[in-house]
Every structure is written in structure tokens, then in C-alpha cells.
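Everything below concerns the one structure shown next.
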Amino acid sequence: MTVTTLAKQQAAPRAAGPAPARRGRRRTRLIAVLFVLPALLLLGALVVYPVLFSVGRSFFDASGTRFVGGHNYTEMFRDPATLKAIRNTAVWVVVAPALLTGLGLVLAVLVEKVRWATAFKLLLFMPMAVSFLAAGIIFRLAYDEDPDKGVLNAAVTSVHDVFQGTSTYPTARGRTGVLTQDRDGSYRTTASAGQSVTLPMVGVLPADLPRDAAPARTAAAHRAAPGELRGVVYLDFTPGGGGEQGKVDAKESGLPGMKVEAVRDGKTVASANTAADGSFRFAGLPAGPYTVKLPESNFAPPYQGVSWLGPALVTPAIIGAYLWIWTGFAMVLIGAGLSGLPRDALEAARMDGANEWQIFRRITVPLLAPVLTVVFVTLVINVMKVFDLVYIIAPGPVQEDATVLATQMWLVSFGGGNDQGLGSALGVLLLLLVVPAMVFNVRRFRRSQR
3 MTVTTLAKQQ AAPRAAGPAP ARRGRRRTRL IAVLFVLPAL LLLGALVVYP
53 VLFSVGRSFF DASGTRFVGG HNYTEMFRDP ATLKAIRNTA VWVVVAPALL
103 TGLGLVLAVL VEKVRWATAF KLLLFMPMAV SFLAAGIIFR LAYDEDPDKG
153 VLNAAVTSVH DVFQGTSTYP TARGRTGVLT QDRDGSYRTT ASAGQSVTLP
203 MVGVLPADLP RDAAPARTAA AHRAAPGELR GVVYLDFTPG GGGEQGKVDA
253 KESGLPGMKV EAVRDGKTVA SANTAADGSF RFAGLPAGPY TVKLPESNFA
303 PPYQGVSWLG PALVTPAIIG AYLWIWTGFA MVLIGAGLSG LPRDALEAAR
353 MDGANEWQIF RRITVPLLAP VLTVVFVTLV INVMKVFDLV YIIAPGPVQE
403 DATVLATQMW LVSFGGGNDQ GLGSALGVLL LLLVVPAMVF NVRRFRRSQR
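Note that our numbering has the sequence shown beginning at 3, numbered continuously upward.
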């Protein structure tokens, strides 16, 4: 056997070695692809295809048959409703993530000092289990302008009435032909010192008549002394019918708590509130004529609270509902980052004499900066896609004032506009706005893994 033949025999097994290894790697890759294939098919069908179709559709007209190029994109920025949607989306992006990140940070720090921290976190995280549809219905009711339905306006009106009071008889009006109504809603008549005057009112609801109201007939029988002006404010209505208009009858009730003023030469010289039988009395008046006035405050409509879902406050109101849902999410994520902070740094700062505010500002926040950034960017991506809350909470008349890009895209495409070309252009715009935040988040995640 020659040296050459022996070398070939020794080299033959070595040459055959890499082939099985390559086949094994290929088989492993094939198995991995087979496992990933269902997810890739779903991703392609639910994400990639709709994105590509929307991009293509945005270059066609409403019918989808005529190519219009960039017309939809130029039309999009000429439409006042779309410009308002962009403005509202910018408000959402600036306000909601910043407030949520700040609230989450503060709550995460404070929860560490609470004895029942787990229960507190559970309570704040529970709104995440509520669907946006249910949350929208809840807050639509909470923001209702009727204090009997909306819990927020019920609280606001209660506080207002404690400090400002409320009108006594909001539906009352003076008897025509006896009392004169001024432009401000007050009623008046004239009388002289030493006289008695009757002030008949109508339109008082039975629920507005106080329980301590007494019959007005006794008060009407009293006569004024010299230098005195007497009168009675009464409900000029006899239960069961009968009676004479403009005169106090036996069954007619006085109106207690009504403010009455005596005015002379344009100045209020005396004022009083009526008693249970509706009577009032001004003493020590100089002789001469006076205007007896029932001020407009007696008839002012009750305070109805704040118009939460009006054009001015509808967007902040919806952002408030969004905060209720997502505050727990921000708190839990930031709390997880907070639990990983080096405790020796915090203890060293305390030993050096730093107070809690200095520790929070100079140590806790800088160390939590990566976590805060991730939370903020995630919320930015989320608020750009907000749809359910805006569509459900905002009433029809102010829907345009609260609209964001997602709702505008739906309204243009399916909510009456029926222009899917323009709607697709809005979808592409929304995608372009979301992509930078997504790329930033992915890159930061990869850097943290390295």
C-alpha cells in the first residue's frame, strides 16, 4: 500500500463528517420554520396584508376604481375635521402619557410605604380588566350633565349649593297684571310707607313649596303702621279650584324664604326674607313711595354643574377616563423597576442626611429613567390608537370636537363618509406616526438585552 492510498483512506471519513451536521442544522431550521409558520401566516393575513392593501388603496378614489395619486393625502390636510383630529391626537400624545407616567411613578413610590400594598395595587390595576366599551359607558353616565344621573355633577352641585346656596322658587313667576317683570327676571310693584301690599305668584311646583309654609290669609289681614311697609308673598292658587286671582283666599299658602327689597331712588333701603306665612315687614321707613322688589335670585334656575361633555371639556374628560384605566398599568411596571433599585444607594443617601424628596429627585428618578422611558413610549403608541373611549363617551353633537385620528379614519371610511380611499390615507398617516415610537422602543429593548 502506497503512502498516497493510505492518505486517501484516512481522509475519506473526515470528508464525510460535515454533511450530517449540515443536514441536522437544516432539519432544525425546518422544524423551527414549521412551528413559526402559523404565526407568520396570521401576521401576514392580519397585519402585513392590511397594511399593504391600505397603502395601495390610499392612492385610489372613494369607489376604488380610479387612480388619484396623492390627492387623498393633500385632501386630508385640507379637511378641517382631519386637522382637528390631528390636533386632538397631539394633545393626547403630550398629556396622557406624561400624566400616566407621573402618576404611576408617584403611586409606585408611595405604595412601598403602605402596609396593604398588594391590595392597593390590585384596586388600582382592576380597571385594566374592564373593556374600553364598558369603561366608556361607565364614564358616559358619570359625566352626565343631569345631577340626578351624573355622579360628578351631583358632587359638584352639592358643593356649590353648600357655599353659594340655591334659588328658592326657580319656576315661580309673578301674576300678570299685578306684578311687573324686569329684564333681569325680577318682579316689582309700588307701595308707600304705611301701606300693605300683596305679591301673588304662580307656577310654583308642589315639590318646591316648603313643608313649613303656612296659610297667607292671616298675614294679609295685618295692616301697616305709619313708617312701616308690610306685605305678603303668596301662591295665588287655590287647591281644588275656585278663589279670585290677585287676592289672598283662605286656602292659599304663603311662600316662606322669599327675599324682598324696598327700593327708593334706585337704591335698596331695606330687605327682608318672608316668614312661614309669606309675610314681610319693613320698619322705620320715611314717608313716600317705594318699589317693592322680588330680586331675580329668588327665581334663578338651580345650578346644574359642569358640562363635562361640552365642546370645551370633552377631550380632557375622555383623557380622565383613560387615566382611570391605565394608571394601574403604569404603577405596576414602574413598581417592578423600583423593586430592582440598589437599596444600598438609597440607604447611603439617607445616612448622608438626604431627605425623601432629595432621594426621590436625585436617586430614584435617575435610576428609573430607562423604565420610565419604556412606559412613556408604550403609552404614546397606545394613545395614538385610542378609539373606543372617544367614540362612546363623546355625544353626537361634540363628536367632531373630540375626534382623534383613529375615530376620524373610521368615520371617513365607514361612519357616513364612505370614502375608503381617504380613510386609508388616514390609516397610513397613523401608521407613520406610530412607527418611530415602535422603532425607538424595539431598539431600547435590544440595548437593554445587550
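Using N, Cα and C, we set each Cβ at its ideal position, and we do this for glycine too.
Pro344 versus His73: straight-line alpha-carbon distance, rounded = 56 angstroms
task = Return the CA-CA distance between Arg213 and Pro241, expressed in angstroms with no decimal places.
result = 16 angstroms
Spatial neighbours of Thr366 in its chain, beta-carbon cut-off 8 angstroms, leaving aside the 5 residues before and after = Here the set comprises Val111, Leu340, Leu343 and Leu348.
inquiry  = Can you list, in chain order, the residues of its chain with a C-beta nearer than 8 angstroms to that of Pro172? Leave out the 5 residues immediately preceding and following it.
reply    = Asp210, Phe301, Ala302, Pro303 and Pro304
Sequence-distant residues of the same chain with beta carbon closer than 6 angstroms to Gln360, five excluded per side = none
query = Is Arg80 helix, strand or coil when you go by DSSP?
reply = coil
query = Within 10 angstroms of its Cβ, does Ala41 collect 16 or more other Cβ (buried), or is it exposed?
reply = By the neighbour-count criterion, in which a residue is buried when 16 or more other Cβ atoms sit within 10 angstroms of its Cβ, Ala41 is exposed.
ask   = Would a C-beta distance cut-off of 8 angstroms place Gly106 and Thr329 closer than the cut-off?
value = yes
ask   = Does DSSP put Ala218 in a helix, a strand or coil?
value = If DSSP states are grouped into helix, strand and coil, Ala218 belongs with coil.
Through-space distance from Leu381 to Leu431, alpha-carbon basis = Roughly 18 angstroms between the two C-alpha positions.
ask   = alpha helix (DSSP H) containing Ala272: first to last residue?
value = Counting along the chain, Ala272 falls outside any alpha helix (DSSP H), though it belongs to the beta strand (DSSP E) covering Lys269 to Asn275.
ask   = Looking at C-alpha atoms only, which residue of Leu374, Gln401 and Gln306 is the closest neighbour of Ala314?
value = Checked all of Leu374, Gln401 and Gln306; the closest Cα to Ala314 is Gln401.
key: C-beta atoms of Asp238 and Pro202 nearer than 8 angstroms   = yes
key: One or two residues paired with Ala264 in a DSSP bridge   = Ala272 and Val294
Sequence-distant residues of the same chain with beta carbon closer than 6 angstroms to Trp310, five excluded per side = Tyr145 and Ala319
request  = Starting from the Cα of Gln306, find the closest Cα among Ser169, Met128 and Pro22 and give me that residue.
outcome  = Each of Ser169, Met128 and Pro22 was checked against the Cα of Gln306, and the nearest Cα belongs to Ser169.
query = For the region 224-231 against the region 189-209, are there 3 or more C-beta pairs whose distance is under 8 angstroms?
reply = yes
inquiry  = Buried or exposed, going by whether 16 or more other CB atoms sit within 10 Å of the CB of Glu358?
reply    = By the neighbour-count rule (16 or more Cβ atoms within 10 Å), Glu358 is not buried but exposed.
key: Residues near Arg352 in its chain [Cβ-Cβ closer than 8 angstroms; skip 5 each side]   = Listed in chain order, the non-local C-beta contacts of Arg352 below 8 angstroms within the same chain comprise Ile361, local neighbours out to five positions each way being set aside.
request  = Leaving out five residues on either side along the sequence, give the residues of the same chain with a beta carbon under 8 angstroms from the beta carbon of Met78.
outcome  = Thr84, Leu424, Ala427, Leu428 and Leu431
ask   = Can you tell me the Cα-Cα spacing of Arg59 and Arg28, whole angstroms?
value = Approximately 40 angstroms, taken between the alpha carbons.
message = Closest to Leu181 by C-alpha separation, out of Val158, Asp163 and Val235, would be which residue?
response = Val235
message = Please list the terminal residues of the continuous alpha helix (DSSP H) segment that includes Arg352.
response = Arg345 to Met353
request  = Give me the Cβ distance between Pro129 and Phe378, rounded to the nearest whole Å; I'm assuming they're in contact under 8 angstroms.
outcome  = Pro129 to Phe378, Cβ: 20 angstroms. No contact.
inquiry  = For a minimum of 4 consecutive residues, which ranges assigned as the alpha helix (DSSP H) are wholly contained in the region 416-452?
reply    = 422-451
ask   = Can you round the beta-carbon distance between Glu298 and Gly187 to whole angstroms, since I take them to be within the 8 angstroms contact cut?
value = 4 angstroms
query = Along the chain, where does the alpha helix (DSSP H) that runs through Ser56 open and close?
reply = Tyr51 to Arg59
request  = Note down the Cα distance separating Pro438 from Ala350, rounded to an integer number of angstroms.
outcome  = 40 angstroms
message = So, under 8 angstroms CB-CB, Ala278 and Pro258 are touching, yes? Tell me the CB distance rounded to an integer number of Å.
response = Their Cβ separation, rounded to whole angstroms, is 5 angstroms, which keeps Ala278 and Pro258 in contact under 8 angstroms.
query = In angstroms, rounded to a whole number, what distance separates the CA positions of Ser56 and Val164?
reply = 57 angstroms
key: Proximal residues to Gln247 (C-beta, below 7 angstroms), its chain only, five neighbours per side dropped   = Spatial neighbours of Gln247 in its own chain (CB-CB distance under 7 angstroms, excluding positions within 5 residues in sequence) are listed in chain order as Arg177 and Asp238.
ask   = Does any residue of chain B bring its CB to less than 8 angstroms from the CB of Gln401?
value = The chain labelled as chain B is not found in the depicted structure, where only one protein chain is given.
key: 4 or more residues per run - each alpha helix (DSSP H) lying fully within the region 149-204   = Taking only runs of at least 4 residues, the alpha helix (DSSP H) segments lying wholly in the region 149-204 are 153-166.
query = Using CA coordinates, which residue listed in Tyr51, Leu48, Thr76 and Ala289 is at the minimum distance from Phe61?
reply = Thr76
ask   = What residues in its chain sit with their C-beta under 7 angstroms from that of Gly220, if we drop five residues either side in the sequence?
value = According to the sequence displayed, residue 220 carries Thr and not Gly. The residues are Asp279.
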